[in-house]
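Numbering (the working numbering), first residue to last: 48 to 334.
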């Protein structure tokens, strides 16, 4: 019995602590307005926070089928697209119809259905029908790099400009940032489109190696390779030479075989010495 009484007293205490017994309907208990929210006042007789005049807590407080209670500021606002006079609507709307609904005013639109389906769309910012993207009545309907083809009512690129690769030559692509045609990789319109070691083959519109330079090994002699990762020059393969600088200081480059051979009086191996002598690999002299 004692524990049951404790439970009852505890329950009653919680009711008063959370304001459930100070005015009914779940109202917060209070003794001053400061204990209530900004849109409420303290009913001293009921010791409960209640809604101020001109504010609302629920839709029923608005007492109007066209209004709802805004949960942010607790003011009664018109339901979406509902109105009594035109000033209750957006600037591009008027209040009309038997349902007190905001509708698009003359010269304005609310959806694409109110525009020419073949040519226009409803601009969601201006709420006016205008040409669909890419279509036009005047140049002002087009992008800055385009003009309006009045006959086709279509925006087309200005001379030298492009909107896609189809507006360019086969060896070009359209630069989406500048809307100008530019050469594809390794293609060119002039030497300036190529690397410093290349020139533009105007017939094929391709960058090719200038004279004295290379891009592939087959552009070099059999005893050379193309230094494609360096200066794009042909260089002697291992074991071959193009000048004396490719050889040791005791050797010269044979201009016919393009191989290094020992200078007179020096040796690279025992074969360069007379019978009975050997080549000292440290001094490159026969002993």
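Glycine residues also receive a C-beta, built at the ideal position from the N, C-alpha and C atoms.
Since this is a predicted model, take the numbers as computed values, not measurements.
Item: CB-CB under 7 Å to residue 317, same chain, minus the five flanking residues each way: which ones, in chain order?; Value: 325, 326
Item: Do residue 244 and residue 257 have their C-beta atoms closer together than 8 Å?; Value: yes
Item: Between residue 72 and the rest of its own chain, which residues show a CB-CB distance below 6 Å, the 5 nearest in sequence each way excluded?; Value: Any reading at residue 72 must be qualified, since the residue scores a pLDDT of 43, below 50, and its modelled position is unreliable; no value is offered.
Item: Classify residue 250 as buried or exposed, calling it buried when 16 or more other Cβ atoms lie within 10 Å of its own Cβ.; Value: exposed
Item: Would you kindly work out how many angstroms separate the C-alpha atoms of residue 241 and residue 137, rounded to a whole number?; Value: 58 Å
Item: Pull up the DSSP beta-bridge partners for residue 143, would you.; Value: 148
Item: DSSP state of residue 114, grouped into three classes?; Value: strand
Item: Exposed or buried, what is residue 226 when buried is set at 16 or more other beta-carbons lying within 10 Å of its beta-carbon?; Value: buried
Item: Can you list, in chain order, the residues of its chain with a C-beta nearer than 8 Å to that of residue 126? Leave out the 5 residues immediately preceding and following it.; Value: 113, 114, 115
Item: Is it buried or exposed for residue 76, if we count other Cβ within 10 angstroms and need 16 for buried?; Value: buried
Item: Taking the alpha carbon of residue 232 as the reference point, which residue from 178, 224, 255 has its own alpha carbon closest?; Value: 255
Item: Using the Cα positions of residue 287 and residue 246, report the straight-line distance between them to the nearest angstrom.; Value: 29 Å
Item: Hey, quick one: how far does the beta strand (DSSP E) through residue 203 stretch, first residue to last?; Value: 201-204
Item: With a threshold of 16 other CB atoms inside 10 Å of the CB of residue 206, please say whether the residue is buried or exposed.; Value: exposed
Item: Please check the pair residue 193 and residue 202, which I expect to be a contact at CB under 8 Å, by giving their CB distance rounded to whole angstroms.; Value: 4 Å
Item: In the DSSP assignment, what are the bridge partners of residue 208?; Value: 227
Item: When DSSP builds the beta bridges, which residues end up paired with residue 255?; Value: 246
Item: Going by C-alpha distance, which of 311, 283, 314, 161 is nearest residue 304?; Value: 283
Item: To which residues does DSSP link residue 122 through a beta bridge?; Value: Beta-bridge pairing links residue 122 to no other residue.
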